[in-house]
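Sequential numbering from 912 applies to the sequence shown in our numbering.
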Amino acid sequence: GLFGKALQDGVRVTPLARRLIAEQGIDLKGLLADRRTKGVDRIAMKDVQAYAAARGATQPVLPHPAPAAPVP
Numbered sequence: 912g913l914f915g916k917a918l919q920d921g922v923r924v925t926p927l928a929r930r931l932i933a934e935q936g937i938d939l940k941g942l943l944a945d946r947r948t949k950g951v952d953r954i955a956m957k958d959v960q961a962y963a964a965a966r967g968a969t970q971p972v973l974p975h976p977a978p979a980a981p982v983p
């Protein structure tokens, strides 16, 4: 797929989670290791958001599009 494989090392990663991981440049191996220690076999958007927040992400997990430029 566009944002990576749905199955990573035996853990299912939802499409939205894969997109957020790619857009935010999140370390997938680190996320997988973190979730595995918690017994998680599926990574969803909330897991990516929690991982990013715990790591002190500098960018919002769901960025808002920039407003359109005013027409002169």
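The C-beta atom is built at its ideal place from N, Cα and C for all residues, glycine as well.
By a C-beta neighbour count over all protein chains shown, 10 Å radius and 16 as the cutoff for buried, is residue i buried or exposed?
i: A933; result: exposed
i: V924; result: buried
Below 8 Å CB to CB, which residues in the same chain sit around residue i once its five sequence neighbours on both sides are set aside?
i: A928; result: I954, A955, M956, D958, V959
i: D952; result: G921, V922, R923
Starting from the C-beta of residue i, find all residues in its chain whose C-beta is less than 7 Å away, skip the five residues before and the five after it, and write them out in chain order.
i: K945; result: The identity of residue 945 in the sequence shown is Asp, whereas the question assumes Lys. Once the five neighbours on either side are set aside, the close Cβ partners of D945 are Y962.
According to DSSP, which residues form a beta bridge with residue i?
i: V959; result: None; V959 has no bridge partner.
i: R966; result: DSSP output for R966 lists no bridge partner at all.
i: I954; result: V924
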